[in-house]
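Enquirer: Chains Y and A, in that order, are what the protein sequence lines are. So the first sequence is numbered by our numbering: it starts at 66 and just counts up by one. So the second sequence is numbered by our numbering: it starts at 66 and just counts up by one. The beta carbon of each residue, even a glycine, is placed where N, CA and C say it ideally should be. From a predicted model like this one, the values you see are computed outputs, not experimental measurements. Provided herewith is a single structure, encoded as structure tokens, for subsequent inquiry.
Number of protein chains: 2
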Amino acid sequence: MNITPPPDPVTTLADPGTPFAVVDVHKTLGNIERLAKRAERLGVALRPHMKTAKSLDIAALMHDGPPCPVTVSTLAEAEAFADGGYTDITYAVGIDPHKLPRVVALLRRGVTVRVLLDSSEQAASVAHAAREAGLAVPAQIEIDCDGHRGGLEPDAPGLIGIGRVLHEAGCLDGVLTHAGESYFARTPEEQRLAARNERDTAVTAAERLRAAGLPVRTVSVGSTPTAHAAEDLTGVTELRAGNYVFFDLVMAGLGVCRVEDLALSVAVTVIGHRPEHGRIVTDGGWMAMSRDRGTAGQAQDQGYGLVLDLAGNLIPNLVMSAASQEHGTLTTRDGADLPDLPIGTRLRVLPNHACATAAQFRGYHVIDSALTSDAAPAIQADWERVTGW
Amino acid sequence: MNITPPPDPVTTLADPGTPFAVVDVHKTLGNIERLAKRAERLGVALRPHMKTAKSLDIAALMHDGPPCPVTVSTLAEAEAFADGGYTDITYAVGIDPHKLPRVVALLRRGVTVRVLLDSSEQAASVAHAAREAGLAVPAQIEIDCDGHRGGLEPDAPGLIGIGRVLHEAGCLDGVLTHAGESYFARTPEEQRLAARNERDTAVTAAERLRAAGLPVRTVSVGSTPTAHAAEDLTGVTELRAGNYVFFDLVMAGLGVCRVEDLALSVAVTVIGHRPEHGRIVTDGGWMAMSRDRGTAGQAQDQGYGLVLDLAGNLIPNLVMSAASQEHGTLTTRDGADLPDLPIGTRLRVLPNHACATAAQFRGYHVIDSALTSDAAPAIQADWERVTGW
Chain Y
66 MNITPPPDPV TTLADPGTPF AVVDVHKTLG NIERLAKRAE RLGVALRPHM
116 KTAKSLDIAA LMHDGPPCPV TVSTLAEAEA FADGGYTDIT YAVGIDPHKL
166 PRVVALLRRG VTVRVLLDSS EQAASVAHAA REAGLAVPAQ IEIDCDGHRG
216 GLEPDAPGLI GIGRVLHEAG CLDGVLTHAG ESYFARTPEE QRLAARNERD
266 TAVTAAERLR AAGLPVRTVS VGSTPTAHAA EDLTGVTELR AGNYVFFDLV
316 MAGLGVCRVE DLALSVAVTV IGHRPEHGRI VTDGGWMAMS RDRGTAGQAQ
366 DQGYGLVLDL AGNLIPNLVM SAASQEHGTL TTRDGADLPD LPIGTRLRVL
416 PNHACATAAQ FRGYHVIDSA LTSDAAPAIQ ADWERVTGW
Chain A
66 MNITPPPDPV TTLADPGTPF AVVDVHKTLG NIERLAKRAE RLGVALRPHM
116 KTAKSLDIAA LMHDGPPCPV TVSTLAEAEA FADGGYTDIT YAVGIDPHKL
166 PRVVALLRRG VTVRVLLDSS EQAASVAHAA REAGLAVPAQ IEIDCDGHRG
216 GLEPDAPGLI GIGRVLHEAG CLDGVLTHAG ESYFARTPEE QRLAARNERD
266 TAVTAAERLR AAGLPVRTVS VGSTPTAHAA EDLTGVTELR AGNYVFFDLV
316 MAGLGVCRVE DLALSVAVTV IGHRPEHGRI VTDGGWMAMS RDRGTAGQAQ
366 DQGYGLVLDL AGNLIPNLVM SAASQEHGTL TTRDGADLPD LPIGTRLRVL
416 PNHACATAAQ FRGYHVIDSA LTSDAAPAIQ ADWERVTGW
């Protein structure tokens with residue numbers, strides 16, 4: 066006699082303890098496809114930035130065949146992606162010379178890891194490390210297009226000298242710029258101008274190096290807003306963006322995506338009611354959402370996030386307006402009545418900044434909104450994140 | 066022939082890759098001792114909150130003999146501390162009924178875990194779980210003393226009913242309140258008043274329950290500011306505080322501690338200079354510091370943090386004024402000249418909010434400033450943090 070065991074109960078978003086991070090793979094795929102098509106139309110390679118999702122499983126959604134080129138924000142990411150078979154990596158944070166041995170170790174494994182720098186001290190360190198190791202340490206010179214952070218201005222007197230030091234050690238790969246100020250470009254026109262400026266600046270720097278007889282292979286530009294706004298990338302060889310895999314309320318506020326494109330949310334549970342204060346309390350505080358309040362400076366401040374039911378439908382007028390470590394406070398906008406959400410009700414909160422919110426978790430519970438409109442969507446997979454440095 | 070191996074080189078703060086979290090055990094011990102003496106003087110038990118350090122090693126500094134009573138902010142902490150031999154635990158976040166099976170599992174192991182609640186729905190869930198499990202689930206009723214977050218006001222009509230439901234199931238342990246608004250009490254006098262109000266509110270609620278014939282064993286109060294300001298805790302049985310083990314710039318801004326008491330810092334490395342923008346760039350961004358900007362609302366905004374040399378000496382006028390994911394921006398105050406900090410220089414940054422900054426790391430490199438004034442202090446130990454929920 067055969068006894069057929071009962072089928073395993075399906076695990077849904079109603080099951081794990083809250084708070085936890087939810088990724089909707091359907092939305093993620095839509096976001097990935099949209100930018101892939103853009104890059105194709107613009108005639109540039111895409112080098113997605115792993116700093117947002119930090120997930121080999123999400124990276125795998127970006128390519129059918131062999132691993133794609135990737136950008137990383139830490140050497141821990143570089144090492145994890147190298148372990149996962151990725152061999153074409155750009156570490157897009159100015160290199161601390163102390164970290165060069167880890168870069169060399171990856172290069173010795175046959176993994177191309179490009180480093181970034183904007184000073185003659187760093188160039189000398191890279192050249193020295195390359196000579197010591199007897200191999201090339203491919204390096205890009207960071208170019209500043211908008212005063213946001215690091216980099217050399219394209220007409221900086223030191224540019225050619227740095228290029229020469231790198232070239233003489235066999236290490237000059239190219240130039241890289243990042244339009245960090247595009248996060249504050251509030252109209253499509255400002256975003257187009259930021260994209261044009263980002264391209265122009267990178268190409269100008271590349272041309273200066275070439276005019277000095279220095280070979281420039283890579284001209285790399287990108288940020289999520291400019292990647293979605295660029296109209297002409299002549300002279301650019303590759304486009305970078307990271308946030309777009311998930312998007313978030315900051316990007317929706319900039320008009321780079323719609324709120325319904327947001328692929329990352331945090332599942333929380335109602336643990337209290339304070340009707341006299343117009344307040345619902347949840348178990349998702351800043352430990353779950355992060356302290357990022359990127360929409361505070363936008364036209365529409367979204368507090369710590371907008372609130373969905375567990376199925377993913379936006380609850381009108383409800384916003385997570387305050388947070389302590391393990392408590393979230395939900396209030397309504399415009400004096401709307403509080404919805405009826407009893408103790409134990411599960412909700413999902415859309416974050417201000419996907420990079421910061423995702424970083425509060427060790428992994429994602431993955432759903433697919435194309436497969437279900439159930440009140441508690443089934444969990445299709447659990448995906449890990451790379452953590453640390 | 067004996068070959069004596071060379072002694073292991075001492076690992077110092079100059080060795081691990083940055084960014085990383087540094088705990089000065091000497092300062093931590095000083096902070097722990099200060100509050101322990103206060104609690105003794107006030108005649109109350111101390112139940113330190115593990116939510117800040119989340120470390121069994123730091124908890125071990127708080128007691129000589131058997132494990133002390135602890136407060137936790139997640140069940141992951143409760144489970145980790147139970148595994149570490151702690152048997153007297155208060156989980157001080159309103160209970161999600163879905164989490165009761167994990168509480169019951171701990172109770173079955175002989176670990177006392179008290180839950181918190183402020184509604185009749187939660188009280189019914191706790192009573193039901195206790196009856197199903199055939200054991201008491203000790204519960205405290207959360208009392209709101211300042212409108213900060215959750216809890217029942219001490220004169221709330223529902224208080225007695227909730228107490229009765231719990232008592233009939235053998236679950237009523239007591240009352241708990243937290244003066245969350247004390248973080249905004251800017252003078253010693255305001256902090257003393259917040260502490261008095263916190264005590265009065267908790268004791269009033271306890272007396273109401275007792276007057277209704279309900280036994281109240283525990284009357285628990287606390288926050289780091291009120292714990293350091295309270296003058297009289299008559300009627301209170303225990304004091305809670307968490308942040309004080311490390312303290313931070315918010316607490317220094319409130320005058321609860323001095324900047325030199327801060328025991329947690331983040332080691333970072335200089336990776337760039339932008340003198341034309343008055344800026345030094347480091348490899349410690351918000352991923353390392355968190356997005357917490359708690360001092361933004363204080364009289365002295367400290368940006369993302371104050372800057373020390375690696376030995377721990379404050380660098381005058383230097384402040385971490387901006388952050389992106391893996392980049393920190395240092396600027397000077399009052400038009401002071403930028404200090405000479407070459408590429409590769411290691412620094413330490415004191416955070417706004419120790420709870421949030423510590424949460425960005427999996428553990429701490431531990432130094433002891435009583436043992437050394439070396440430029441690169443020796444690492445005495447590596448201590449892990451509890452993560453997740």
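#1: Apart from the five residues on each side of it in sequence, which residues of its chain come closer than 6 Å, Cβ to Cβ, to residue 133 of chain Y?
#2: In whole angstroms, what separates the C-alpha of residue 71 of chain Y from that of residue 201 of chain Y?
#3: Could you have a look at residue 417 of chain Y and say whether DSSP puts it in helix, strand or coil?
#4: How would you list, in chain order, the residues of chain Y whose beta-carbon sits under 7 Å from the beta-carbon of residue 390 of chain A?
#5: Which residue or residues does DSSP assign as beta-bridge partners of residue 449 of chain Y?
#6: Please list the partners that residue 164 of chain Y has in chain A, where partner means a Cβ-to-Cβ separation under 9 Å.
#7: For residue 83 of chain A, count the other beta carbons within 10 Å of its own beta carbon; 16 or more makes it buried, fewer makes it exposed. Which is it?
#8: May I ask you to list the residues that DSSP assigns as paired with residue 385 of chain Y?
#9: Measuring CB atoms only, is the stretch 385-402 of chain A touching the stretch 310-322 of chain A, in the sense that at least three cross pairs come out at less than 8 Å?
#10: For a contact meaning CB atoms closer than 7 Å, what does residue 447 of chain A contact in chain Y?
#11: Can you tell me whether residue 135 of chain A is buried or exposed? The criterion is at least 16 other CB atoms within 10 Å of its CB, across all chains shown.
#12: Secondary structure at residue 247 of chain Y, three-state DSSP: helix, strand or coil?
#13: Who are the neighbours of residue 280 of chain Y on chain A, taking C-beta pairs under 9 Å?
#14: List the residues of chain A that residue 407 of chain Y touches, going by C-beta distances under 9 Å, in chain order.
#15: Report the option in Y:184, Y:426, Y:314, Y:330 whose CA atom is closest to the CA atom of residue 366 of chain Y.
#16: Can you name the residues that DSSP bridges to residue 86 of chain A?
#17: Report the neighbours of residue 342 of chain A on chain Y: residues whose CB is nearer than 7 Å to its CB, in chain order.
#18: On the criterion of 16 or more Cβ atoms from any shown chain inside 10 Å, does residue 179 of chain A qualify as buried, or is it exposed?
#19: May I ask you to list, following chain order, the residues of the stretch 136-160 of chain Y that have a beta carbon less than 8 Å from some beta carbon of chain A?
#20: Determine the direct distance from the alpha carbon of residue 418 of chain A to that of residue 352 of chain A, and round the result to whole angstroms.
#21: So within the stretch 176-234 of chain A, which uninterrupted alpha helix (DSSP H) runs reach at least 4 residues, ignoring any that extend past its ends?
#22: Could you compute how far the alpha carbon of residue 231 of chain A sits from the alpha carbon of residue 214 of chain A?
#23: Please list the partners that residue 183 of chain A has in chain Y, where partner means a Cβ-to-Cβ separation under 8 Å.
#24: From what residue to what residue does the beta strand (DSSP E) around residue 157 of chain A run?
#25: Mapping the DSSP letters down to three states, classify residue 128 of chain Y as helix, strand or coil.
#26: Taking the beta carbon of residue 164 of chain Y as the centre, do at least 16 other beta carbons fall within 10 Å, making it buried, or is it exposed?
#27: Between the alpha carbons of residue 408 of chain Y and residue 311 of chain A, how many angstroms are there, rounded?
#28: Considering only DSSP beta bridges, list what residue 285 of chain A is partnered with.
#29: Kindly identify the DSSP beta-bridge partner or partners of residue 123 of chain Y.
#30: Is residue 117 of chain Y helix, strand or coil when you go by DSSP?
#31: Should residue 259 of chain Y be flagged as near chain A, meaning a C-beta pair shorter than 8 Å?
#32: Between residue 346 of chain A and residue 415 of chain A, how many whole angstroms is the CB-CB distance? I'm expecting something under 8 Å.
#33: I'd like to confirm the pairing. Which residues does DSSP put opposite residue 137 of chain A in its beta bridges?
#34: So which residues of chain Y does residue 357 of chain A contact, with C-beta pairs closer than 8 Å?
#35: Between the beta-carbon of residue 427 of chain A and the beta-carbon of residue 293 of chain A, is there less than 8 Å?
#36: Report the rounded CA-to-CA distance for residue 270 of chain A versus residue 220 of chain A, giving the unit in angstroms.
Expert: Once the coordinates are examined:
#1: Here residue 133 of chain Y refers to the residue found at position 68 of the first sequence. Apart from sequence neighbours up to five positions away, the residues of its chain that approach residue 133 of chain Y with a beta-carbon distance below 6 Å are 127, ordered along the chain.
#2: Working through the first sequence from its first residue, we reach residue 71 of chain Y at position 6. Working through the first sequence from its first residue, we reach residue 201 of chain Y at position 136. In this predicted model, residue 71 of chain Y has a pLDDT of only 48, less than 50, meaning its place in the structure is not dependable; the value taken from the coordinates is given anyway. Cα atoms of residue 71 of chain Y and residue 201 of chain Y: separation of roughly 59 Å, rounded to the nearest angstrom.
#3: Sequence index remark: in the first sequence, residue 417 of chain Y carries index 352 (1-based). The answer is coil: DSSP assigns residue 417 of chain Y none of H, G, I, E or B.
#4: One-based indexing of the second sequence puts residue 390 of chain A at position 325. Under the 7 Å cutoff, chain Y gives 116, 138, 420.
#5: Mapped onto the first sequence, residue 449 of chain Y falls at position 384. According to DSSP, residue 449 of chain Y bridges with Y:428.
#6: Taking the first residue of the first sequence as 1, we reach residue 164 of chain Y at position 99. Here the neighbours are 82, 83, 334, 348.
#7: As a position in the second sequence, residue 83 of chain A is number 18, starting the count at 1. Residue 83 of chain A should be labelled buried.
#8: In the first sequence, residue 385 of chain Y corresponds to position 320, counting from 1. According to DSSP, residue 385 of chain Y bridges with Y:370, Y:395.
#9: no
#10: For the purposes of this step, residue 447 of chain A is taken as residue 382 along the second sequence, with counting starting at 1. Going along chain Y, no residue has its Cβ under 7 Å from residue 447 of chain A, so there is no contact; the nearest lies around 13 Å.
#11: Here residue 135 of chain A refers to the residue found at position 70 when the second sequence is read from its first residue. Classification for residue 135 of chain A: buried.
#12: Counting from one through the first sequence, the residue named residue 247 of chain Y turns up at place 182. Helix.
#13: As a first step, residue 280 of chain Y is located in the first sequence; it is residue number 215 there, counting from the start. Residues of chain A passing the Cβ test: none, with the nearest at roughly 24 Å.
#14: Translated into positions along the first sequence, residue 407 of chain Y becomes position 342. Listed along chain A are 186, each with a C-beta nearer than 9 Å to that of residue 407 of chain Y.
#15: Sequence index remark: in the first sequence, residue 366 of chain Y carries index 301 (1-based). For residue 366 of chain Y, the nearest C-alpha among the options comes from Y:314.
#16: Taking the first residue of the second sequence as position 1, residue 86 of chain A is located at position 21. Looking at the DSSP assignment, residue 86 of chain A forms a beta bridge with A:331.
#17: Residue mapping note: residue 342 of chain A aligns to position 277 of the second sequence, counting from 1. Result: 212.
#18: Here the question's residue 179 of chain A lines up with position 114 in the second sequence. Buried is the call here.
#19: Going along the stretch 136-160 of chain Y in chain order, one finds 138, 139, 140, 158, 159, 160 with a Cβ nearer than 8 Å to chain A.
#20: Walking along the second sequence from the start, residue 352 of chain A turns up at place 287. Walking along the second sequence from the start, residue 418 of chain A turns up at place 353. C-alpha separation (whole angstroms): 14 Å.
#21: 185-198, 224-233
#22: Counting from one through the second sequence, the residue named residue 231 of chain A turns up at place 166. Counting from one through the second sequence, the residue named residue 214 of chain A turns up at place 149. Each residue's Cα considered, the two are about 22 Å apart.
#23: Within the second sequence, the letter at position 118 stands for residue 183 of chain A. For residue 183 of chain A, the residues of chain Y that pass the 8 Å Cβ criterion are 337, in the order they occur in the chain.
#24: Within the second sequence, residue 157 of chain A is the residue found at index 92, counting from 1. That run of the beta strand (DSSP E) goes 153-159.
#25: Numbered from its first residue, the first sequence carries residue 128 of chain Y at position 63. In the structure shown, residue 128 of chain Y sits in coil (DSSP, three-state: anything other than H, G, I, E or B).
#26: As a position in the first sequence, residue 164 of chain Y is number 99, starting the count at 1. Buried.
#27: Locating residue 408 of chain Y in the first sequence gives position 343, where the first residue counts as 1. Locating residue 311 of chain A in the second sequence gives position 246, where the first residue counts as 1. Their Cα atoms are separated by approximately 34 Å.
#28: Stepping through the second sequence from its first residue, residue 285 of chain A is reached at position 220. DSSP output for residue 285 of chain A lists A:241, A:303 as bridge partner(s).
#29: Locating residue 123 of chain Y in the first sequence gives position 58, where the first residue counts as 1. The partner list for residue 123 of chain Y (beta bridge, DSSP) is empty, contrary to what the question assumes.
#30: For the purposes of this step, residue 117 of chain Y is taken as residue 52 along the first sequence, with counting starting at 1. It is coil, neither helix nor strand.
#31: As a position in the first sequence, residue 259 of chain Y is number 194, starting the count at 1. Chain A, which has no Cβ nearer than 8 Å to the Cβ of residue 259 of chain Y, makes this no.
#32: Your numbering for residue 346 of chain A matches position 281 in the second sequence. Your numbering for residue 415 of chain A matches position 350 in the second sequence. 19 Å between Cβ atoms; not a contact.
#33: Taking the first residue of the second sequence as position 1, residue 137 of chain A is located at position 72. Answer is A:156, bridged to residue 137 of chain A.
#34: Along the second sequence, read from residue 1 onward, the residue named residue 357 of chain A stands at position 292. Here the neighbours are 351, 356.
#35: Here residue 427 of chain A refers to the residue found at position 362 when the second sequence is read from its first residue. Here residue 293 of chain A refers to the residue found at position 228 when the second sequence is read from its first residue. Their beta carbons are not under 8 Å apart, which means residue 427 of chain A does not touch residue 293 of chain A by this criterion.
#36: Taking the first residue of the second sequence as 1, we reach residue 270 of chain A at position 205. Taking the first residue of the second sequence as 1, we reach residue 220 of chain A at position 155. C-alpha separation (whole angstroms): 7 Å.
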